[in-house]
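Engineer: First residue of the sequence shown: 0, per numbering that gives the first Met the number 0; consecutive thereafter. Even glycine gets a Cβ: it sits at the ideal position worked out from N, Cα and C. Sharing a structure below in structure tokens format, with a few things to ask.
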Amino acid sequence: MNLSSRYLGLQLAHPIVASASPLSATLDGMRLLEDAGAAAVVMASLFEEQIRAEDTAYARYTEQGSESQSEATSYFPELPDYDCGVSGHLETLRRASDALDIPVIASLNGTTSEGWVEYARSLEQAGAAAIELNIYSIPVDLMVSGAEVERGYVDIVRGVKASVRIPVAVKLAPYFSSPGHMAAELVRAGADGLVLFNRFYAPDIDLLTLRVTRSLPLSTAAELPLSLVWIALLSRRLACSLGAGRGVETEAEVVKYLLAGADVVMTASALLRHGPEHLATMRAGLERWLGANGFDSVDAIRGLKDASHVEHVDALFRAQYVASLTDYLPGKLV
Ligand SMILES: Cc1cc2nc3c(=O)[nH]c(=O)nc-3n(C[C@H](O)[C@H](O)[C@H](O)COP(=O)(O)O)c2cc1C
Numbered sequence: 000m001n002l003s004s005r006y007l008g009l010q011l012a013h014p015i016v017a018s019a020s021p022l023s024a025t026l027d028g029m030r031l032l033e034d035a036g037a038a039a040v041v042m043a044s045l046f047e048e049q050i051r052a053e054d055t056a057y058a059r060y061t062e063q064g065s066e067s068q069s070e071a072t073s074y075f076p077e078l079p080d081y082d083c084g085v086s087g088h089l090e091t092l093r094r095a096s097d098a099l100d101i102p103v104i105a106s107l108n109g110t111t112s113e114g115w116v117e118y119a120r121s122l123e124q125a126g127a128a129a130i131e132l133n134i135y136s137i138p139v140d141l142m143v144s145g146a147e148v149e150r151g152y153v154d155i156v157r158g159v160k161a162s163v164r165i166p167v168a169v170k171l172a173p174y175f176s177s178p179g180h181m182a183a184e185l186v187r188a189g190a191d192g193l194v195l196f197n198r199f200y201a202p203d204i205d206l207l208t209l210r211v212t213r214s215l216p217l218s219t220a221a222e223l224p225l226s227l228v229w230i231a232l233l234s235r236r237l238a239c240s241l242g243a244g245r246g247v248e249t250e251a252e253v254v255k256y257l258l259a260g261a262d263v264v265m266t267a268s269a270l271l272r273h274g275p276e277h278l279a280t281m282r283a284g285l286e287r288w289l290g291a292n293g294f295d296s297v298d299a300i301r302g303l304k305d306a307s308h309v310e311h312v313d314a315l316f317r318a319q320y321v322a323s324l325t326d327y328l329p330g331k332l333v
């Protein structure tokens with residue numbers, strides 16, 4: 000069975016990639032992921048806050064904040080490797096890139112335009128095979144338009160692409176008025192790959208303590224459809240690699256994403272829930288499914304069910320939406 004796959008110009012043994020998570024924050028964690036059979040690993044993000052935490056003034060500010068205004072700490076994320084700062088992160092990346100046989104993709108979450116460019120360069124110098132930009136900004140300013148937010152994304156990609164030679168992927172949020180247009184703009188700006196979609200932390204309010212709490216619940220396969228639809232809609236229409244993430248629990252989701260047109264399938268929650276060994280289970284399941292259904296390679300199913308096979312996809316979506324509403328008509332419910 001030929002499972003070989005290509006992503007960002009990297010040749011991979013198969014299409015299942017470990018996405019950024021606490022499992023990929025350390026050298027030992029990345030070794031475990033390789034041993035368990037990951038085709039590539041995305042290291043946990045370098046957050047620009049990590050760098051600023053090395054700045055004593057910033058450290059003092061966050062310390063004071065936590066004493067004088069306890070609520071502030073609830074909003075402020077605890078970061079993996081926080082005490083190691085940027086030097087520790089780069090050292091871990093350097094050692095992992097040397098030690099592992101699979102590609103180690105660095106992930107960057109910046110906050111300033113200089114930060115994005117400067118730290119992308121540092122990640123490249125530390126040996127990253129590629130960089131994934133984990134762009135996370137909440138447009139809280141009511142005067143900032145959607146167009147300005149999108150321009151910000153494009154500027155980040157242009158800046159990073161101008162400063163590194165390794166491939167650059169963008170991990171996108173689904174919150175755009177027109178995700179397809181945004182994706183096309185990012186590719187025009189130089190993105191070599193897109194990862195659909197990121198998941199974010201979910202603040203809540205504890206009604207006993209009235210404190211703002213934070214959590215990042217692990218995903219389930221119920222979260223698959225949003226990414227699945229957009230992978231299918233973008234497949235073959237953009238000159239870039241497509242990584243599908245979100246809601247991969249078993250080989251079933253891996254197969255679905257490949258059928259929709261993904262070049263690779265990325266997983267974090269399932270590995271946190273079941274351990275890195277789950278990678279081998281998913282890979283074996285993928286192989287089994289291909290064999291049982293008469294396919295001899297992953298390429299044979301890639302994009303088989305993408306939107307290029309549907310003539311009026313918008314009309315079809317609407318028709319299916321309307322039709323599915325009738326499934327819940329009182330007479331039909333048993
Ligand atoms: C605990 C946890 C930590 C994560 N850390 C990162 C991170 O450092 N950088 C990043 O880009 N994504 C991070 N993610 C997001 C995952 O890489 C992934 O994109 C997302 O969880 C969707 O995949 P899943 O449904 O398989 O979990 C994290 C996810 C979890 C659950």
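Starting from PHE334, follow its DSSP beta bridges and name the residues at the other end.
Structural biologist: With the chain represented from 0 up to 333, any question about residue 334 goes unanswered, as that position is not in the structure.
Engineer: On a Cα-Cα basis, can you pick out the residue from ILE130, ASN1 and SER112 that is closest to VAL153?
Structural biologist: Ranking the options by Cα distance to VAL153, first place goes to SER112.
Engineer: With C-beta atoms as the reference, is GLN42 less than 8 Å away from ALA105?
Structural biologist: Going by the sequence as given, residue 42 is Met instead of Gln. Yes.
Engineer: Starting from ARG94, trace the alpha helix (DSSP H) both ways and give me its first and last residue.
Structural biologist: Segment 84-98, the alpha helix (DSSP H) holding ARG94.
Engineer: Once DSSP output is grouped into helix, strand and coil, what is the label at GLU131?
Structural biologist: Strand at GLU131.
Engineer: Since I believe VAL156 is in contact with ALA190 (beta carbons under 8 Å), could you give me their beta-carbon distance rounded to a whole number of angstroms?
Structural biologist: Going by Cβ atoms, the distance from ALA190 to VAL156 rounds to 5 Å, so yes, they are a contact pair.
Engineer: GLU131 to GLU310, Cα distance in whole Å?
Structural biologist: Cα to Cα, the separation comes out at about 33 Å.
Engineer: In chain order, what residues of the same chain lie with their CB nearer than 8 Å to the CB of GLU70, ignoring the 5 residues before and after it?
Structural biologist: Legend: pLDDT at GLU70 = 42, less than 50; position of this residue unreliable, no value from coordinates given.
Engineer: Quick check on DSSP: helix, strand or coil for LEU11?
Structural biologist: Looking at LEU11 - three-state DSSP - the assignment turns out to be strand.
Engineer: With a threshold of 7 Å, establish whether the CB of PRO14 neighbours any heavy atom of ligand 1.
Structural biologist: Flag unset: Cβ of PRO14 not near ligand 1.
Engineer: When DSSP builds the beta bridges, which residues end up paired with ALA17?
Structural biologist: Paired residues: VAL40 and THR266.
Engineer: Less than 8 Å separating the beta-carbons of ALA125 and SER96?
Structural biologist: Yes, they are a contact pair.
Engineer: Exposed or buried, ILE137, counting other C-beta atoms within 10 Å across all chains shown (16 or more means buried)?
Structural biologist: ILE137 comes out exposed.
Engineer: What's the C-alpha gap between VAL167 and ALA183?
Structural biologist: Whole-angstrom Cα-Cα distance: 15 Å.
Engineer: Return the first residue and the last residue of the alpha helix (DSSP H) that ALA146 is part of.
Structural biologist: Start and end: 145-162.
Engineer: Measuring alpha carbon to alpha carbon, tell me which residue in ARG287, TRP288, GLY293 and THR249 is nearest ARG272.
Structural biologist: Selected option, being the one with the closest Cα: THR249.
Engineer: Could you tell me the alpha carbon to alpha carbon distance between VAL263 and THR325, rounded to whole angstroms?
Structural biologist: So the two alpha carbons sit approximately 36 Å from each other.
Engineer: Rounding to the nearest angstrom, what Cα-Cα distance links ASN108 and SER44 in this structure?
Structural biologist: Approximately 6 Å, taken between the alpha carbons.
Engineer: Helix, strand or coil for SER218, going by three-state DSSP, please let me know.
Structural biologist: In the structure shown, SER218 sits in coil (DSSP, three-state: anything other than H, G, I, E or B).
Engineer: Among the candidates LEU2, LEU22 and GLY8, whose CA atom is the shortest distance from the CA of PRO275?
Structural biologist: Ranking the options by Cα distance to PRO275, first place goes to LEU22.
Engineer: In three-state DSSP terms, what is TYR200?
Structural biologist: Looking at TYR200 - three-state DSSP - the assignment turns out to be coil, as it is neither helix nor strand.
Engineer: Mind checking which residues open and close the alpha helix (DSSP H) that includes ILE165?
Structural biologist: From DSSP, ILE165 is part of no alpha helix (DSSP H); its letter is neither H nor E.
Engineer: Cβ of LEU215 versus every heavy atom of ligand 1: is any distance shorter than 7 Å?
Structural biologist: Within the cutoff, so yes.
Engineer: What distance in whole Å lies between the Cβ atoms of ALA201 and SER226, which are believed to be in contact at a cut-off of 8 Å?
Structural biologist: Between ALA201 and SER226 the Cβ distance is about 18 Å, and since that is not below 8 Å, they are no contact.
Engineer: Contact between the region 29-39 and the region 284-291 is defined here as three or more beta-carbon pairs at a separation below 8 Å; is this criterion met?
Structural biologist: Output reads no: the region 284-291 does not touch the region 29-39.
Engineer: Please determine, among LEU233, ASP205 and SER296, the residue with the shortest C-alpha to C-alpha distance to LEU185.
Structural biologist: Nearest option by C-alpha distance: LEU233.
Engineer: The alpha helix (DSSP H) spanning VAL312 covers which residue range?
Structural biologist: Unbroken alpha helix (DSSP H) run through VAL312: 312-324.
Engineer: Comparing C-alpha positions only, which one of THR266, ALA129 and VAL159 sits nearest to MET281?
Structural biologist: Of the listed residues, the one whose Cα sits closest to MET281 is THR266.
Engineer: Using the rule of at least 16 other Cβ atoms within 10 Å of the residue's Cβ for burial, across every protein chain shown, is GLN49 buried or exposed?
Structural biologist: Flag for GLN49 reads buried.
Engineer: Considering only C-alpha positions, which residue in the set PRO102, GLU252, LEU32 and ALA98 is nearest to GLY8?
Structural biologist: The residue with the shortest Cα to Cα distance from GLY8 is PRO102.
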